[in-house]
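Worksheet: the structure to be examined is printed underneath.
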Amino acid sequence: MVNNASKRWPNHDISTLKLLQLVHRHGERSPTSFPPNDPFKNTKYWVEGIGELTTKGKYRMYKLGEFIRQEYNDYFGDKYSPREVYVRSSITDRCIESTSSLLAGHICHAASGEG
Numbered sequence: 062m063v064n065n066a067s068k069r070w071p072n073h074d075i076s077t078l079k080l081l082q083l084v085h086r087h088g089e090r091s092p093t094s095f096p097p098n099d100p101f102k103n104t105k106y107w108v109e110g111i112g113e114l115t116t117k118g119k120y121r122m123y124k125l126g127e128f129i130r131q132e133y134n135d136y137f138g139d140k141y142s143p144r145e146v147y148v149r150s151s152i153t154d155r156c157i158e159s160t161s162s163l164l165a166g167h168i169c170h171a172a173s174g175e176g
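First residue of the sequence shown: 62, per my numbering; consecutive thereafter.
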C-alpha cells in the first residue's frame, strides 16, 4: 500500500515545507451490520468486536506511521517532540486506535534510528 508511494514521487523536495497535515479515516474495521442470512454475522468471527479496528487495520496504520516518518524525516528531525505534533481524533474507539497505531509507527520508527 504505502511502499509504492515513494516510487511515484522519488526525491521530493521538502526543504521549504512549513506544515504537514494528514487527514485520514480509521483503518480497516470489522463490519457494522450484516445481511440477515450472512454466515459471518456471528460475533465469534470478529474477535475485535463489531465495527472495531481489525488487527490488519492496526498493522496498516502502524506501517503508514512508519512511512510518514521515513518520507518526512528531514522535516521532523531526529527526535519526537510533542510540541511539534498535534493529533486529534473523534471519540470512536476505532478512530482512536487508528491514530494510536499511526503514531506508534511514526514515533517507534524514529526511536529505532531508522528514520
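We treat Cβ as the ideally placed atom computed from N, Cα and C, and that holds for glycine. As the structure is a prediction and not an experimental result, all values here were calculated from the model.
> Along the chain, where does the alpha helix (DSSP H) that runs through residue 131 open and close?
Replying inline: 116–132
> At what residue ranges does the region 138–170 contain a whole run of the beta strand (DSSP E), taking only runs of 3 or more?
Replying inline: none
>> Between which residues of its own chain and residue 162 is the CB-CB distance below 6 angstroms, once the five residues before and five after are set aside?
In response: 119, 122 and 123.
> When you compare only the Cα positions, how much space is there between residue 47 and residue 106?
Replying inline: Because the chain here runs from 62 to 176, residue 47 falls outside it and cannot be looked at.
>> At the level of alpha carbons, what is the spacing between residue 88 and residue 108?
In response: 16 angstroms
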